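Here is the structure we will look at.
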Amino acid sequence: MKNKKILCLIPSLGTGGAERQMVMLIKLMNEHAIKPTVLTYYSEETDYDKSLIVHRISINKKGKIKKVINIIKSILSEKPDVILSFGDTPNIISVLVKILRNKTKIVVSERNTSQNYNLSTKFRFNLYRLAYKIIPNSISQTDFINKNAPFLNNKIKTITNYTDINIFNFEKKDREKKFKIGIFARYHSQKNILLFLEVVSELNKKGHNVEFHWFGNKFFDLNNQATKHSAYYLKCEEKRKQMKLSNVFFNSFVFNVVEEFTKFDAICLPSIYEGFSNTLSEAIACGKPLLVSNVCDNIYFAKEGVNGFLFSPSSKKEMLEAIENMLELNNDELNNFQLNSREIAENLFSKERFINEYLDVLLK
1 MKNKKILCLI PSLGTGGAER QMVMLIKLMN EHAIKPTVLT YYSEETDYDK
51 SLIVHRISIN KKGKIKKVIN IIKSILSEKP DVILSFGDTP NIISVLVKIL
101 RNKTKIVVSE RNTSQNYNLS TKFRFNLYRL AYKIIPNSIS QTDFINKNAP
151 FLNNKIKTIT NYTDINIFNF EKKDREKKFK IGIFARYHSQ KNILLFLEVV
201 SELNKKGHNV EFHWFGNKFF DLNNQATKHS AYYLKCEEKR KQMKLSNVFF
251 NSFVFNVVEE FTKFDAICLP SIYEGFSNTL SEAIACGKPL LVSNVCDNIY
301 FAKEGVNGFL FSPSSKKEML EAIENMLELN NDELNNFQLN SREIAENLFS
351 KERFINEYLD VLLK
């Protein structure tokens, strides 16, 4: 069973929640004497390559068509028994390999929550007819597939993300005069940054003593130059300057989020939609109170008035009220929110369940 040749396909092992989950999964596979091949096709400065003891294949061809062709050629030359892919494009490539090498078992993992059953989503889901299993990492995406593509129901196996509560450990933090809120998310329209900045402007007009520190991928190249994917970040930065929000700090992605979490009184995520958020998983494991939009799987991390406050991502008024509710907590109330977050994390995450559910699919 364990001698099956497994190939993991993902764009990179750099920044982002899916990448961190892939790295965690590979490490847990290694603990079970399984060492998969990892194929990536997008290089990033922040990469986990050196920390992984696996066979790594990097495809660096320019041009989408050439890159896809080289990815497929490399996979076919590896002759894997199983392919585990993370993300829309890798999932499509995996299924294309299935057409060329029928004996390979394809396991695709959906890493976000679809918002519309549009043509591209229909195309992807119909390709999944050739997959052995579909692993959504969120309950909301499972519901979306069940509703819109019932022909895939018997292929679905929901495996939510795992957070190591021993690495992301709890440390009580007393509040200080200046309340500091951290946000850990890439600079993308999904994350609702422009509306968030308008809310901060309203908070400042009311005289609240609060700072916001955003950490995420700005989509700059290795020479720290903007790319076409940096447009949204640049738009946000321009608005931040125009509104003179000196208490908002836009930072690049950080690898050691545990160290950063300790600096903040609360963690915020104002996204329009989410999957099963790594940021929120890690935040509650560290005992952080939450300020989050009431979308998708966020409700499993944040309980209103227990360890955080929720709001509609389209309502400036609700977001403002949620943040003000957090700012009004005294030290004892904030400490209780911290303890409640940690308790939710301890009940939610199990390393054994996570790896065993994956191995049950991959090795069966």
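Residue numbers (full-length UniProt numbering): 1 to 364.
Think of the CB as a built atom: it goes at the ideal place given N, C-alpha and C, for glycine as much as any other residue.
Remember, it's a predicted structure, so these values are computed and weren't measured experimentally.
- With contacts defined as CB atoms closer than 8 Å, Leu359 and His32 qualify as a contacting pair.
- Annotation: Ala185 is outside any beta strand (DSSP E) and is labelled neither H nor E by DSSP.
- Looking at the DSSP output, His213 sits in a beta bridge with Gly182, Phe249.
- Taking C-alpha positions only, Gly182 is separated from Arg56 by approximately 34 Å.
- Assigned with DSSP and collapsed to three states, Lys241 falls in helix.
- Collapsing the DSSP output to three states places Val254 in coil.
- About 31 Å separates the Cβ atoms of Lys62 and Asp81, ruling out a contact at the 8 Å cut-off.
- Pro136 sits in a strand when the DSSP states are folded into three classes.
- Rounded to whole angstroms, the gap between the alpha carbons of Ala285 and Asn278 is 11 Å.
- The beta-bridge partner set that DSSP reports for Ser85 consists of Leu9, Val108.
- One Cα belongs to Pro270, the other to Thr160, and the distance between them is close to 21 Å.
- Taking 8 Å as the cut-off, the Cβ atoms of Ala322 and Pro289 do not count as close.
- In the DSSP annotation of this structure, the continuous segment of the alpha helix (DSSP H) that includes Phe196 starts and ends at 193–205.
- Of all alpha-carbon atoms in Ser109, Ser114, Glu333, the one lying nearest the alpha-carbon of Ser140 is that of Ser114.
- Just measuring C-alpha positions, the residue of Val200, Tyr233, Tyr187, Ile272 sitting nearest Lys180 is Val200.
- Within the stretch 287–342, the complete alpha helix (DSSP H) segments of 4 residues or longer fall at 316–327, listed in chain order.
- The shortest CA-to-CA distance from Phe253 to any of Glu318, Trp214, Phe264, Gly287 is the one to Trp214.
- A distance below 8 Å separates the beta carbons of Ile10 and Thr40.
- Collapsing the DSSP output to three states places His229 in a helix.
- Counting the other Cβ atoms within 10 Å of the Cβ of Pro150 gives fewer than 16, which makes it exposed.
- Listed in chain order, the non-local C-beta contacts of Gly17 below 6 Å within the same chain comprise Asn278, local neighbours out to five positions each way being set aside.
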